[in-house]
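> First, the structure itself, so that you have it in front of you.
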Amino acid sequence: MNQTTQLTIFGEALFDCFPDGESVLGGAPFNVAWHLQAFGDAPKFISRVGNDTLGDTILAEMKNWGMDTNWVQLDNQHPTGRVNVTIDDNEPSYEIATESAWDFIADSLIDSPPQAGLFYHGSLAARSEISHHTLQKLTESPGLDIFVDVNLRDPWWQKEDICHWLEQARWVKLNQDELGELGFRSADLHQDMTRMHSHYHLDQLIVTCGEKGAIVRDQDGEFHLIKPTASNQVIDTVGAGDAFTAMYIHGLLAGWEITHALAQAQRFASQVVGLRGATSKDANFYNIINN
């Protein structure tokens, strides 16, 4: 692939609301799109926000960041998404508001849907009937190379749905706990990855393992491991996985070797945990990138 490849991101845009009253732009697909914009990849971000103050803020911040807002729908009936985040021992937990605007991304409002290029989506955005249908329609094009970011948030997922999305994917990223929740759980992580990788005929399976780093299994059955770099300060781990994903996708577009993509992705994720929330509005924050 190359960096002229059309890049489409589908899913939720919302606000992460912290116990101290601070609210930060969030949603895994939004975070990934935000980072990729900073990396120069100009993603098309398909989402939906409410016709309210939070929605206005999201659109304004996207414009200030140079992002294309033409693919973000405006909802007059449902509010912009919110997630209440609580932190316990540096591990975030999430209370996700229901009936949010991003649950109602309408297929009928998407002009010229993408027919080719890299298409990223998570699993959470498909929790509702309308957005699920839209994602189903968008991913029907055989010209798309699909990257699925598994994001299991109880009670908003069903295994049969996740399996459907995985069957369409070229690349899949998930964490070690999610690998187990999908039925690939034994005492041997490599064996579990091999089973999942083979079952879904993936190009690459990417598994993040928290403090232990991350592992990729490639098409040749080889494993590539990266251990985490030291973080100067951990504010919270919200969005660390999204940062990893964004940099890894940038590496796919740029044609990086897996080892280089892994190292850059892990390094960037270690930098993001020093932020409150998942993104930065400081362009200099993104100078970490090494093409």
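291 is the number that the UniProt record's numbering gives the last residue of the sequence shown; the numbers go up by one with no jumps. Even for Gly, the Cβ is constructed at its ideal location relative to N, Cα and C.
1) Inspect the CB distances between the segment 121-128 and the segment 23-34 and report whether three or more fall short of 8 Å.
2) For Leu59, which residues from the same chain have a beta carbon less than 6 Å from its beta carbon, with the 5 sequence-adjacent residues on both sides left out?
3) Give me the Cα-Cα distance between Phe104 and Trp71, rounded to the nearest whole angstrom.
4) Distance, Cα to Cα, Glu211 vs Phe119?
5) Under 8 Å between the Cβ atoms of Trp102 and Ala33?
6) Using the beta-carbon count (16 or more within 10 Å), is Gly143 buried or exposed?
7) Looking at the structure shown, is Glu140 part of a helix, part of a strand, or coil, going by DSSP?
8) For the pair the segment 260-271 and the segment 46-59, tell me if three or more CB-CB distances fall below 8 Å.
9) Beta-carbon separation of Gln37 and Gly81 under 8 Å?
10) Which stretch, first to last residue, makes up the alpha helix (DSSP H) that contains Gly251?
11) Is DSSP giving His201 helix, strand or coil here?
12) What would DSSP say about Asn291, mapped onto helix, strand or coil?
13) Ignoring anything shorter than 3 residues or poking outside the segment 146-218, list the beta strand (DSSP E) runs there in chain order.
14) Pull up the distance between the alpha-carbon of Asp75 and that of Trp156, whole angstroms please.
15) Which residue from Cys163, Gly40 and Arg153 puts its Cα closest to that of Pro92?
16) Let me check one thing: in DSSP terms, what residues is Gly40 bridge-paired to?
17) Drop a sphere of 10 angstroms on the beta-carbon of Gly221, count the other beta-carbons inside from all chains shown, and report buried for 16 or more, exposed for fewer.
18) Under the three-state reduction of DSSP, which class applies to Thr69: helix, strand or coil?
19) Please confirm whether Gln6 and Pro114 have their CB atoms less than 8 Å apart.
20) Among Gln191, Val216 and Ala187, which residue has its Cα nearest to the Cα of Val172?
21) Reducing DSSP to helix, strand and coil, say where Thr80 ends up.
22) In chain order, what residues of the same chain have a beta carbon less than 7 Å from the beta carbon of Ser108, not counting five sequence neighbours either side?
23) Run through DSSP, which three-state label would Ser270 get?
24) Looking only at its chain, what residues have a beta carbon closer than 8 Å to the beta carbon of Ile110, apart from the 5 residues adjacent to it on each side?
25) Determine the direct distance from the alpha carbon of Pro79 to that of Val207, and round the result to whole angstroms.
26) Starting from Leu59, follow the alpha helix (DSSP H) in both directions and report where the run begins and ends.
27) Taking all protein chains shown into account, decide if Thr245 is buried (16 or more other Cβ within 10 angstroms of its Cβ) or exposed.
28) Using only the alpha-carbon positions, how far apart do residue 327 and Ala106 sit?
Result, derived from the coordinates:
1) Judged by Cβ distances under 8 Å, the segment 121-128 makes contact with the segment 23-34, as three or more pairs qualify.
2) Position 59 of the sequence shown holds residue 59. Within the same chain, Thr69 come within 6 Å of Leu59 by CB-CB distance, once the 5 residues on both sides are set aside.
3) As a first step, residue 104 is located in the sequence shown; it is residue number 104 there, counting from the start. As a first step, residue 71 is located in the sequence shown; it is residue number 71 there, counting from the start. If I take the Cα positions, the gap works out to 14 Å.
4) On the sequence shown, position 211 is the one that residue 211 refers to. On the sequence shown, position 119 is the one that residue 119 refers to. Using only the alpha carbons, I get a separation of about 29 Å.
5) By one-based count along the sequence shown, residue 102 stands at place 102. By one-based count along the sequence shown, residue 33 stands at place 33. No, the pair does not count as a contact, with Cβ atoms beyond the cut-off.
6) Residue 143 sits at position 143 when you count from the first residue of the sequence shown. A residue is called buried when at least 16 other Cβ atoms come within 10 angstroms of its Cβ; Gly143 does not meet this threshold and is exposed.
7) As a first step, residue 140 must be located in the sequence shown, where it is residue number 140. Assignment of Glu140 by DSSP, reduced to helix, strand and coil, places it in the coil class.
8) Three or more beta-carbon pairs separated by less than 8 Å are not found between the segment 260-271 and the segment 46-59, which leaves the two stretches without contact.
9) By one-based count along the sequence shown, residue 37 stands at place 37. By one-based count along the sequence shown, residue 81 stands at place 81. No, the Cβ-Cβ distance between Gln37 and Gly81 is not below 8 Å.
10) Walking along the sequence shown from the start, residue 251 turns up at place 251. Segment Ala240 to Ala254, the alpha helix (DSSP H) holding Gly251.
11) If you number the sequence shown from 1, residue 201 lands on position 201. Here His201 sits in coil by DSSP.
12) As a working mapping, residue 291 is identified with position 291 in the sequence shown. Since pLDDT at Asn291 reaches only 47, below the 50 mark, its modelled position is unreliable, and no value is offered.
13) For the segment 146-218, whole beta strand (DSSP E) runs of length 3 or above, ordered along the chain, are 171-175, 204-208 and 214-217.
14) As a first step, residue 75 is located in the sequence shown; it is residue number 75 there, counting from the start. As a first step, residue 156 is located in the sequence shown; it is residue number 156 there, counting from the start. So the alpha carbons of these two residues sit roughly 22 Å apart.
15) Here the question's residue 92 lines up with position 92 in the sequence shown. Out of Cys163, Gly40 and Arg153, the CA that lies nearest to the CA of Pro92 is found in Arg153.
16) Counted from its first residue, the sequence shown places residue 40 at position 40. In the DSSP output, where bridge partners are listed per residue, Gly40 has none listed.
17) Reading the sequence shown from its first residue, position 221 is the one you call residue 221. The residue in question, Gly221, is exposed, as its Cβ has fewer than 16 Cβ neighbours within 10 Å.
18) In the sequence shown, residue 69 corresponds to position 69, counting from 1. The answer is coil: DSSP assigns Thr69 none of H, G, I, E or B.
19) Here residue 6 refers to the residue found at position 6 when the sequence shown is read from its first residue. Here residue 114 refers to the residue found at position 114 when the sequence shown is read from its first residue. For the pair Gln6 and Pro114, the CB atoms are nearer than the 8 Å cut-off.
20) As a first step, residue 172 must be located in the sequence shown, where it is residue number 172. Taking the Cα of Val172 as reference, the smallest distance to any Cα among Gln191, Val216 and Ala187 is reached at Val216.
21) One-based indexing of the sequence shown puts residue 80 at position 80. If DSSP states are grouped into helix, strand and coil, Thr80 belongs with coil.
22) As a position in the sequence shown, residue 108 is number 108, starting the count at 1. So the list is empty, once near-sequence residues are dropped.
23) Counted from its first residue, the sequence shown places residue 270 at position 270. DSSP, read as helix, strand or coil, puts Ser270 in helix.
24) Counting from one through the sequence shown, the residue named residue 110 turns up at place 110. The answer, listed in chain order, is Ile46, Trp71, Thr134 and Leu138.
25) As a first step, residue 207 must be located in the sequence shown, where it is residue number 207. As a first step, residue 79 must be located in the sequence shown, where it is residue number 79. Cα to Cα, Val207 sits roughly 34 Å from Pro79.
26) Within the sequence shown, residue 59 is the residue found at index 59, counting from 1. Residues Thr53 to Asn64.
27) In the sequence shown, the residue the question calls residue 245 occupies position 245. Buried, because 16 or more other Cβ atoms sit within 10 Å of the Cβ of Thr245.
28) The requested residue 327 does not occur in the structure, where the chain is confined to residues 1 to 291.
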